[in-house]
Structure formats: C-alpha cells, structure tokens
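Chemist: Sharing a structure with you now.
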Amino acid sequence: MKVAIPIWDGRVSPVMDTACRLLIAEIVDSQEVSRTIIDIPHVGIPHRAGFVSGLGIDLLICGAISHEFEQMLIASGVKISPWYCGKVDEIIAAHSNGTLQRDNFLLPGRASRRRRGGRGQRRAGCRRSGKHRMFEEDQ
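Per our numbering: the sequence shown ends with 756, consecutive numbering throughout.
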C-alpha cells in the first residue's frame, strides 16, 4: 500500500491544497519498506490532483483539504483520511499499527466533533422559503 502525507518541517502539512512536498511511504504487512519525498508542483487544484493521483497512491493522510481537491482525488481512486496533524514518523507508525484514529492525531476541534457522534450536521437557512437545508460536514 502506498500512503502519502503532505509534509512541512517533519510534520503533516496543515493544508493539503498549499503543501509543497509529499512523503510517500510503501507499507507492506504493517511495516514501512520505503520512503520517498516528492515536490508537488505549484499549479492549480485540478493539475495538483492529477499529479498526486498519478503517483499511484492508495491513501492520502492529510490535514485540511478543500472539498474540490478531495473530490477530485476520490474520483481518481485515492482514499482520503483528512484532519490529521503531528509528526510524520508518528503518523506512519500509527497508521501501520492501527491507532491513527485516536483523537491525539486529529487537528484541534476535530476530536470533539468525533465524540459527539461522528459526522456532524449543520443547518443553513434558506431566506426565501424559510426552510432549512441540511449539509454534512466533512470529517
């Protein structure tokens, strides 16, 4: 399995959309067997999505990511695990041993949403009809 993480200063880059470097770790039988760091081109989101998906990545573990970028990657077959932070080595180890889902790896504010029952919902008012529409928050 190829796992990619946008990096900055040895940590998960806070925003995938503006990340400059991508670490790609090959994981076999829960062990990291290789690691490569690649520069991400400074181009628009569609081209960045094409570049990342062209690397043959199975899973992207990242911090924040725009809905547009996330949907483009998902459409190209890349699984996304957003809202993570921390040292890259700890994130890879946690993914390998199945403990990545712990709250201590989530960006601030995300852990409390998970404790409230997973995917939260918020209401957006519709002024014309007085009705409310439901939107799912990304997790």
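Every residue, glycine too, gets a C-beta built ideally from N, C-alpha and C.
Being a predicted model, the structure only gives us computed values, none of them experimental.
Is it buried or exposed for PRO623, if we count other Cβ within 10 angstroms and need 16 for buried?
Modeler: That one is buried.
Chemist: Among ASP675, VAL660, GLY715, which residue has its Cα nearest to the Cα of LYS696?
Modeler: ASP675
Chemist: Would ILE654 and SER713 be called neighbours here (beta carbons separated by less than 8 Å)?
Modeler: Cβ distance not < 8 Å, so ILE654 and SER713 don't count as in contact.
Chemist: In terms of residue numbering, what span does the beta strand (DSSP E) encompassing ILE682 cover?
Modeler: Premise fails: ILE682 is in no beta strand (DSSP E) and is neither H nor E.
Chemist: In chain order, which alpha helix (DSSP H) runs of at least 4 residues are fully inside the region 618-657?
Modeler: none
Chemist: How would you call ARG665, buried or exposed, if buried means at least 16 neighbouring beta carbons within 10 angstroms?
Modeler: Residue environment for ARG665: buried (at least 16 other C-beta atoms within 10 angstroms of its C-beta).
Chemist: Which residue from GLY673, GLN718, ASP656 puts its Cα closest to that of CYS637?
Modeler: ASP656
Chemist: Which one of LEU717, LEU640, ILE641, VAL650 has the shortest CA to CA distance from SER698?
Modeler: LEU717
Chemist: Can you tell me whether ILE709 is buried or exposed? The criterion is at least 16 other CB atoms within 10 Å of its CB, across all chains shown.
Modeler: buried
Chemist: Using C-beta distances below 7 Å, list every residue in its chain close to ARG744, excluding the 5 sequence neighbours before and after it, in chain order.
Modeler: Only weak support exists for where ARG744 lies, its pLDDT of 41 falling under 50; the value from the coordinates is given anyway. Same-chain partners within the cutoff: there are none.
Chemist: For SER693, list the residues DSSP reports as bridge partners.
Modeler: Paired residue(s): none; SER693 is not in a bridge.
Chemist: Is SER575 near GLY694, with beta carbons less than 8 Å apart?
Modeler: Examination of residue 575 is not possible in this model, given that the chain is present from 618 through 756 alone.
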